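Novice:
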Amino acid sequence: MILDAQKIQAICPNYESHLPLAKEASTREFYRIFQKNGPSLILMQNTDDSHNITQIIQSQKKLLACGINTPEYHKYSIDEGWVLQEDAGSTHLLTYAMKQGFTDQYQTAISHIIRLQTRVSHTNLPTYTETGLIKEAMLFVQEFLPTVGLSSHLNTQIIMSIRALCKDISQTPQTVIHKDFHSTNLLVHNDSVYVVDQQDMCIGPWTYDLASLLFDCYVDWPWPIKQLLMQDFKAKHPHLPNSDLSFDLHLCALQRHLKCLGLFIRLARNGKPRYLSHCGLIKQRLLTLCDQLPQYGIFKIPVEMSL
0 MILDAQKIQA ICPNYESHLP LAKEASTREF YRIFQKNGPS LILMQNTDDS
50 HNITQIIQSQ KKLLACGINT PEYHKYSIDE GWVLQEDAGS THLLTYAMKQ
100 GFTDQYQTAI SHIIRLQTRV SHTNLPTYTE TGLIKEAMLF VQEFLPTVGL
150 SSHLNTQIIM SIRALCKDIS QTPQTVIHKD FHSTNLLVHN DSVYVVDQQD
200 MCIGPWTYDL ASLLFDCYVD WPWPIKQLLM QDFKAKHPHL PNSDLSFDLH
250 LCALQRHLKC LGLFIRLARN GKPRYLSHCG LIKQRLLTLC DQLPQYGIFK
300 IPVEMSL
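So for the sequence shown, numbering that gives the first Met the number 0 puts the first residue at 0; every next one is plus one.
In structure tokens:
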């Protein structure tokens, strides 16, 4: 379905005008809809079959049911692949933090992670399996390694290390996760933190969302702030798993950075070069994470070759 003013008006009878929003990493398109009377709305349109509208709706209901702020959906079409939703503004937590510095909104985000883990129903949620972890981390091999020219032997060793890393992660405690819980998927609206882009919610590693927030590919908070948020997570969590938080957190952060480095290179090749500006931070973070997890030090070799 290609959107034009006539089709948007059929969706939103009070339509006056619309504004396309900046394209994100996915294949979806977003529009801000201005109404003749009433607040603006956001229209999300699928451009392919990669996002399941039913899953998006179910995940949104799960968030609202456990007290997590997320935009309310006014109407949607599963067949045509669109959702008309509340406009929660355009102030990402990243933008807010860049202006205000570190704020208690990050601690609110920590509380949202805990609610996900302790209140959201597991019903009908898929599992982020070891195979899924490997598939995503393999973007590092498919997209990044060809840029540095490794020997086939070293390439094989890296693949084996990815499999070992993902096996370690899959053996950590499992819970409900958002799966992309970082600063550009969190909006500050009416002094509250709203969670968006929740369609990939699943059962996965308990530190995955915490790793996404603390080891965000778009911002690098000093280690004392990361420690503060880790302590906040531990203090607030009513059912803290009997596992090593720091170790499990670094495992997930490493897997996620392998994935994101490859993903951002792929996005650039597909016409979205703005993500390349974050690759420097990702590479430096990979070096630091490998120092924290020396058993996975092999990932440092291609990263150092690229610097």
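Beta carbons are placed, not taken as given, at the ideal position from N, Cα and C, and that holds for glycine. What you are looking at is a predicted structure, and each value in this text was computed from that prediction instead of being measured.
Let me know the alpha helix (DSSP H) ranges lying completely inside the stretch 66–122, each 4 residues or longer, listed in chain order.
Specialist: Taking only runs of at least 4 residues, the alpha helix (DSSP H) segments lying wholly in the stretch 66–122 are 92–99, 104–118.
Novice: Determine which residues share a DSSP beta bridge with Gly203 and list them.
Specialist: According to DSSP, which records beta bridges pairwise, Gly203 is partnered with Thr174.
Novice: Nearest-angstrom Cα distance between Lys166 and Thr130?
Specialist: Cα to Cα, Lys166 sits roughly 9 Å from Thr130.
Novice: Examine the Cβ distances between the stretch 134–149 and the stretch 159–176 and report whether three or more of them are shorter than 8 Å.
Specialist: A contact exists between the stretch 134–149 and the stretch 159–176.
Novice: With distances taken from CA atoms, which of Leu257, Phe180, Phe232 is nearest Ser245?
Specialist: Nearest C-alpha to Ser245: Phe232.
Novice: Trp222: buried (16+ other C-beta within 10 angstroms of its C-beta) or exposed?
Specialist: Exposed, since its Cβ has fewer than 16 Cβ neighbours within 10 Å.
Novice: Less than 8 Å between C-beta atoms, sequence neighbours within five positions excluded: which residues of the same chain meet that for Gly66?
Specialist: For Gly66, where only same-chain residues beyond five positions count, the Cβ hits under 8 Å are Arg114, Arg118.
Novice: Hey, Glu28 and Gln5 are a contact pair by Cβ (cut 8 Å); roughly how many whole angstroms apart?
Specialist: The pair is not a contact, with the Cβ atoms about 17 Å apart (cut-off 8 Å).
Novice: For Thr206 and Asn36, what's the separation of their Cα atoms in angstroms?
Specialist: Distance between the alpha carbons of Thr206 and Asn36: 44 Å.
Novice: What three-state label does DSSP hand Arg27 in the structure shown?
Specialist: Correct three-state label for Arg27: coil.
Novice: Using the Cα positions of Lys258 and Pro237, report the straight-line distance between them to the nearest angstrom.
Specialist: When rounded, the distance between both Cα atoms is 31 Å.
Novice: Between Phe298 and Ile157, which are expected to be in contact by the criterion C-beta below 8 Å, what is the C-beta distance as a whole number of angstroms?
Specialist: Correct: roughly 7 Å between the Cβ atoms.
Novice: Which same chain residues end up closer than 8 Å to Val140 when comparing Cβ atoms and leaving out the 5 residues on each side of it in sequence?
Specialist: Excluding positions up to five away in sequence, the list reads Asn154, Ile157, Ile158, Ile161, Gly261.
Novice: Pull the bridge partners of Phe33 from the DSSP assignment, please.
Specialist: Ser16, per the DSSP bridge assignment.
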